[in-house]
Amino acid sequence: MSIAPLPHASAPVPAQYLEFLEALKATGFEGDVDTDHASRTVLATDNSIYQRMPQAAIYPRHSEDVARAAQVLARPEFRDVVLTPRGGGTGTNGQSLTHGVTMDLSRHMNGILEINAEQRWVRVQAGVVKDQLNAALKPYGLFFAPELSTSNRATIGGMINTDASGQGSCTYGKTRDHVLALDFVLLGGERLHSAPLDAEALERMCADSGRIGKVHRTARRISEDQAELIEARFPKLNRCLTGYDLAHLREGDGRFNLNSVLCGAEGSLGFVVEARLNVLPIPRYSVLVNVRYAGFMDALRDARALMAHRPLSIETVDSKVLLLAMKDFVWSSVAEYFPQDGQRPTLGINLVEFSGDDPQEVDGRVQAFLGHLGADASVERLGHTLAAGNAAVHRVYAMRKRAVGLLGNVAGEARPQPFVEDTAVPPENLPEFIAEFRALLDSHGLQYGMFGHVDAGVLHVRPILDMKNPVDAALVRPISDAVAELTQRHGGLLWGEHGKGLRSEYVPAFFGELYPSLQQLKAAFDPHNQLNPGKIATPPASKTLLLKVDGVTTRGELDRQIDERVWQSYGAAMHCNGNGACYNFDPDDAMCPSWKATRQRVHSPKGRASLMREWLRLQGQAGVNVLEVAQRPQPFLSSLAARWRNSRAARRGEADFSHEVYDAMAGCLACKSCAGQCPVKVNVPEFRSRFLELYHRRYLRPVRDYLIGSLEFTMPWLARMPALYNGVMGSPWMRDVLSRRIGMVDGPLLSRLDLAATLRQWKVRAADAQALAALTPEQRARSVVIVQDSFTRYFETGQLQVLIELAARLGFQVWLAPLLPNGKPLHVQGFMGAFARAAIRNAAQLAQLAQSGVALVGLDPAMTLAYRQEYLKVPGMGEVPKVALPQEWLLQVLPEAVTSVASVAYRLLPHCTEKTNAPDSGKQWTQLFERRGLRLSVEATGCCGMSGTYGHEARNLETSKTIYAQSWEKQIESKQNLGEPLATGYSCRSQVKRLSARQVRHPLEALLDHVRATHQG
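The opening position of the sequence shown corresponds to residue 437 in my numbering, with each subsequent residue numbered one higher.
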């Protein structure tokens, strides 16, 4: 039994949508169009509880493409086609989810078009990411103010469409407050340049005979005729209202500004393609006062008094969020600011920021604030710390941002769900409101996590529910109803920050007599309800009603169809909550290089997790239990004929969704950055390998897979004739064979260095359990066992020689563990059975050596970290001993005395797997160099693009080059004298040698140089 072939889609794309797409292409549309099941599946979710399968996805290349789509959409024959824009896809309320066509503006339309530093404004396309914009503005001392926890993947278009705000909004306001002008495409393709209008300009706009005139006339009439009702209905809150903000159509100077309606419209009125934005000077100095409390409600009550000191912002985090952060790698960077008292644990914190350009003035305000903390006894506080300076403040906020995502990683199947999590009430009402909110959740027996912006009266509350459980899922309705009533009773809003989306059913009740005006405004822009229908308002004549919180398919409903045993086994994919942390734009961050290089969301951890969920669901529908399939033996020869027939059918075009999933998995570098950096710990390499094994039970493997998987087994034999091997591998005919027949563009050559001479010179002994057990305690303390890996043993023998010499010069007896296959290449290629056998055998040998107590040290980070991760997942695995990375071991054995600081400087370009899965590694290398009087800075770099054999494969070559160019290339080829670059990864050094023709050394080589010089001195 093997996996089942699956149709490309669970339901065919309706003919009208296919005709719409053909008509769009006929207009000269230059963007991309996707109707494949994989692309649609990835776009069916955001960071909400919902899942809506679009019929197609389009990716406009420029604003003209957007206008073409709007033109075709307005044709009478396409009145039943609906279109919804999408940016970063980080919404928590299904704002960009649709059953129609998704228009993704982030893939191509992500350019910063103009920066006017003198007048402090920028012009950007809709797909620009907020942090991307601020990185470009930083050299000018400017920034775009609205702050979000998703700032490294949220697009400006998405921020405008939800009128986003976050930390610091009491000082900086919302996105709308910084929008100077919008380039907006209306239904039918008209281009509206929307900016504040004086009376004369407004008259000209209203006189327009097209849709531009109609929308201005309608908005003006509503603002005049309903002025009293608008004043009465719109709350006087910092967060005011997202979606059709009629209260700000008239600015303080009397000008008419349609942007107040367009900001927060969630794509229901048209399409933002460009924006001119106001930007502000970056405060030169900041101090964060971190106040700790024994209870979360104490933190909320205290916020009232703290606000009187007019800080920039006050952020609150509860104990659940804080404890999750403590278990994450981010905690090591901020632990000093949150000391723990075992007697009185911290159950709430307030982060109070003061900032300005004058450090003395800021420090004076901080001292006055601290005076208040010392004198005021109205609330019990456990203590406080100061994070002074922008760098320190940034670290604490990075923890707070990450902690938001970590909420999704609580233990168990019930997870925090964001469906009532952006309520806003007047800040003075917040403690009482939250007390009632908590009582509501307690009455249902629910746990929850809380964090937010108490200065703005916004607290994010996420009830913990298992949405696969129908009983839990049924609570969405009563809790939503109760919270909507509760917020209104306290003078607030159900949707204060993250938009209405699929909670729009509460709009009519909130607006009352004013709701028909919203409907009229919607009709002026979108008379036939084609633009993101069901959100905020519907045209009066529309048959489509507002969507309901329990009227749209949830992810849990579909996940429920997966066998529980399968779900549990594939938790690394199943628990992805769509937070989108893997969409990180920063090329100097390791998170998901394949996403950054391709800009295709199927090539992201979220995308791959979504595809895995869908594939498992469809396999279950086809009657296949993948766990049973994986456990059944499949003899190679007896299954060969069937796999050959299936592969031939695939080449002839047999439909199978599995091929789309395979393409996404094959594009993964298996760098494990997702496993280390995803707040929910979505480990793509883990489920990718299992999928590949299952896929190749039905379809033939390429020869390339066998060559890579067997590398560790064949190298010892080939190394006996290095000259012949290198000659053959370097010949033009072999390169041609590799490329054309096998799919490998090149391969590493064997090292010609004589390891035997090094072993003799430094009296290295072969490690065996008996010999190690015979050592005295003193001898064991001065011994080390080097755990070899095939790559540095055969391709970079010089690196192994360096580690041996360094250890020997430091006075250690070096023992060399017998070289057994680590199995990492087998795991990457999905040979799970062979990997398990290799891992169990290798671990058993290492466990015997480890019984002596002598330290085991590995050299290559990817191979060494496999002992801590992949090995632990192997069924039937016995003890897996600790194999230390070189810097971990050296920090334990090197004396802490610091010699004089050398003038030479070094730069470490970290290995992506090492820095994300051993997050202290960079700090350890820095400390190690400091102990030897050397200066080492750890550079911010992304992935090098090689990642084992990924970069050697022909199908990956161009992507590998793109990844290298995005980050490493500028570091390696920089003309500035910043210090010698160093790299710990074998694959990283190989990539630099191949693409930049430079030899980069391992940090151990720099240390050895110093040790040699010291010993000679």
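Glycine residues also receive a C-beta, built at the ideal position from the N, C-alpha and C atoms.
Alpha-carbon to alpha-carbon, Ala-440 and Cys-1012: In a straight line, the C-alpha of Cys-1012 is about 25 Å away from that of Ala-440.
Neighbourhood of Asn-1119 by C-beta distance below 6 Å, restricted to the same chain and skipping five residues each side: Exclusion of the five residues before and after Asn-1119 leaves Ala-1008 and Ala-1111 as the residues of its chain whose Cβ lies within less than 6 Å of its Cβ.
N-terminal and C-terminal residue of the beta strand (DSSP E) that Ile-548 is part of: For Ile-548, the uninterrupted beta strand (DSSP E) run begins and ends at 548 to 552, by DSSP.
The stretch 1026 to 1043 contacting the stretch 1092 to 1104, beta-carbon criterion three pairs below 8 Å: The stretch 1026 to 1043, when compared against the stretch 1092 to 1104, does touch it at the 8 Å Cβ threshold.
The stretch 959 to 967 touching the stretch 455 to 464, judged by at least three CB pairs closer than 8 Å: By the Cβ rule, the stretch 959 to 967 does not count as touching the stretch 455 to 464, because fewer than three pairs are nearer than 8 Å.
Secondary structure of Leu-1282, DSSP reduced to three states: The three-state reading of DSSP puts Leu-1282 in helix, counting H, G and I together.
Anticipated Cβ contact below 8 Å, Val-1220 with Phe-1248, distance rounded: Right, the Cβ-Cβ distance comes to about 5 Å (below 8 Å), so this counts as a contact.
Distance, Leu-578 Cα to Arg-556 Cα: Taking the straight line joining both Cα atoms gives about 8 Å.
Cβ separation of Val-856 and Val-897, assumed to be a contact under 8 Å, to the nearest whole Å: Right, their Cβ atoms sit about 6 Å apart.
Asn-1353 and Leu-1321 closer than 8 Å at C-beta: No, they are not a contact pair.
Simplified DSSP assignment, three categories, for Gly-825: Assignment of Gly-825 by DSSP, reduced to helix, strand and coil, places it in the coil class.
The stretch 1426 to 1443 / the stretch 1055 to 1070 touching (three or more Cβ pairs under 8 Å): No: the two stretches stay apart, fewer than three of their Cβ pairs being nearer than 8 Å.
Check: Asn-1082 C-beta below 7 Å from any heavy atom of the ligand SAH: No copy of the ligand SAH occurs in the structure displayed, which carries no ligand at all.
8 Å contact criterion, which Ile-666 and Ala-683 should meet: CB distance rounded: Between Ile-666 and Ala-683, the beta carbon gap of about 5 Å places them in contact (Cβ cut-off 8 Å).
Identity of the residue in Ser-1167, Tyr-1386 and Thr-990 nearest Tyr-486 by Cα: Taking the Cα of Tyr-486 as reference, the smallest distance to any Cα among Ser-1167, Tyr-1386 and Thr-990 is reached at Thr-990.
Environment of Glu-1394 [buried if 16+ CB atoms lie within 10 Å]: By the 16-neighbour rule on beta-carbons within 10 angstroms, Glu-1394 is exposed.
Extent of the continuous alpha helix (DSSP H) to which Asn-597 belongs: Looking at the DSSP string, the run of the alpha helix (DSSP H) that includes Asn-597 is 592 to 598.
Gln-507 versus Lys-837: straight-line alpha-carbon distance, rounded: Roughly 40 Å between the two C-alpha positions.
Beta-carbon separation (whole angstroms), Ser-585 vs Val-840, contact threshold 8 Å: Yes, they are in contact, since the Cβ atoms of Ser-585 and Val-840 sit about 5 Å apart, within 8 Å.
Minimum C-alpha distance to Ile-494 - residue among Val-757, Glu-513, Asn-1020 and Asp-470: Of Val-757, Glu-513, Asn-1020 and Asp-470, the smallest CA-CA separation from Ile-494 is found for Asp-470.
CB contact flag (Ile-998, Gly-1056, <8 Å): Note that the C-beta distance between Ile-998 and Gly-1056 is below 8 Å.
Proximity below 8 Å, CB of Val-565 to CB of Ile-548: No, Cβ-Cβ distance for Val-565 and Ile-548 is not below 8 Å.
As assigned by DSSP and simplified to three states, the class of Glu-849: Here DSSP, grouped into helix, strand and coil, assigns Glu-849 to coil.
Simplified DSSP assignment, three categories, for Arg-686: Strand at Arg-686.
Buried or exposed (CB count within 10 angstroms, at least 16 for buried), Gln-1412: Answer is exposed; the Cβ neighbour count stays below 16.
Cβ contact check for the stretch 748 to 768 and the stretch 884 to 896: 3 or more pairs under 8 Å: These segments touch.
6 Å CB neighbourhood of Phe-732 in its chain, flanking five on each side removed: The beta carbon of Phe-732 sits closer than 6 Å to the beta carbons of Asp-754, Leu-783 and Gly-784 from its chain, once the five residues preceding and following it are set aside; these are given in chain order.
Three-state secondary structure assigned by DSSP to Gly-1453: Since pLDDT at Gly-1453 reaches only 48, below the 50 mark, its modelled position is unreliable, and the value read off the structure follows with that caveat. Three-state DSSP puts Gly-1453 in coil, outside helix and strand.
For Leu-1105 and Tyr-1342, believed in contact at Cβ under 8 Å, the rounded distance: Between Leu-1105 and Tyr-1342 the Cβ distance is about 26 Å, and since that is not below 8 Å, they are no contact.
Simplified DSSP state of Glu-816, which is helix, strand or coil: Coil at Glu-816, not helix or strand.
Length of the line joining the Cα atoms of Ser-605 and Asn-968: The straight-line gap from Cα to Cα measures roughly 28 Å.
Euclidean distance between Cα positions of Glu-941 and Thr-534: Roughly 16 Å between the two C-alpha positions.
Same chain, Cβ closer than 6 Å to Gln-1237, neighbours up to 5 away in sequence not counted: For Gln-1237, where only same-chain residues beyond five positions count, the Cβ hits under 6 Å are Thr-1194.
Terminal residues of the beta strand (DSSP E) in which His-1095 lies: Counting along the chain, His-1095 falls outside any beta strand (DSSP E), though it belongs to the alpha helix (DSSP H) covering 1093 to 1102.
Member of Asp-661, Ser-1396, Leu-1330 and Leu-1262 whose CA lies at the smallest distance from the CA of Glu-949: Taking each of Asp-661, Ser-1396, Leu-1330 and Leu-1262 in turn and checking the Cα distance to Glu-949, the smallest one comes out for Asp-661.
DSSP bridge partner residues for Pro-1417 (one or two, in chain order): Paired residues: Arg-1343.
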